[in-house]
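Here is the structure we will look at, set down as structure tokens.
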Amino acid sequence: MLKYASLPLAAALALVATPALAQQGASVNGVDQSAQLDCKGGEARVSGTGNDVRITGNCSRLTVNGVDNKIHVAMAANGIVSVSGTDNDVQWTAPGKATIRRNVQGVDNQVRRAQ
3 MLKYASLPLA
13 AALALVATPA
23 LAQQGASVNG
33 VDQSAQLDCK
43 GGEARVSGTG
53 NDVRITGNCS
63 RLTVNGVDNK
73 IHVAMAANGI
83 VSVSGTDNDV
93 QWTAPGKATI
103 RRNVQGVDNQ
113 VRRAQ
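Here it is, written out as structure tokens:
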């Protein structure tokens, strides 16, 4: 009887743990979306066309893929911003005078510190 009594407990624990895993990071995928996200120190992803996204939470990594996306992001010190596509504009902040690492591919993509 004890062997089977632990199954409902294990299932309940799995349900409680799953939302925490799902909240690690944030993403937007689409066309002409406006969004405010919190990456909670994890990764953030933006893909699509014409999205306007503000991301808080000192992201460790931001990945952008698409066309004409406008992103304002709070990055962790030494975070990584990877951008591919065309005409994406990423403005970032980081604590103090911290910098980020960049990987920019494509045409007319901009990654710059927000003023």
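Residue numbers (the working numbering): 3 to 117. Even for Gly, the Cβ is constructed at its ideal location relative to N, Cα and C. None of these values were measured; they are calculated from a predicted model.
Distance cut-off 7 Å: residue i Cβ against heavy atoms of the ligand GTP
i     : result
Leu64 : Absence of the ligand GTP is noted for the structure shown, with no ligands found whatsoever.
Span of the beta strand (DSSP E), counted from its first residue to its last, around residue i
i     : result
Ile57 : 54 to 69
Ala78 : 72 to 88
Gly44 : Looking at the DSSP string, Gly44 is not in any beta strand (DSSP E), and its letter there is neither H nor E.
Val92 : 91 to 95
Ala28 : 28 to 33
C-alpha gap between residue i and residue j, whole angstroms
i     : j      : result
Gly68 : Ala96  : 24 Å
Ala28 : Ala100 : 22 Å
Ile57 : Gly81  : 14 Å
Asn31 : Arg114 : 22 Å
Gln38 : Cys61  : 13 Å
Ser84 : Val33  : 20 Å
Gly59 : Arg103 : 17 Å
Gln35 : Asp54  : 6 Å
Outcome for residue i when other beta-carbon atoms lying within 10 angstroms are tallied against a minimum of 16
i     : result
Ala24 : Reliability of the predicted coordinates at Ala24 is poor, the pLDDT of 36 falling under 50, and no value is obtained from them.
Min CB distance residue i to chain B below 8 Å
i     : result
Val48 : Judged by its chain identifiers, the structure shown contains no chain B, having just a single protein chain.
Same chain only: Cβ atoms within 7 Å of residue i, ignoring 5 sequence neighbours per side
i      : result
Gln117 : none
Arg47  : Ser29, Thr65
Residues near residue i by beta carbon distance below 6 Å, same chain, minus five either side
i      : result
Val45  : For clarity, residue 45 is Glu in the given sequence; the question names Val instead. So the list reads Gly27, Arg63, once near-sequence residues are dropped.
Gln112 : Asp91
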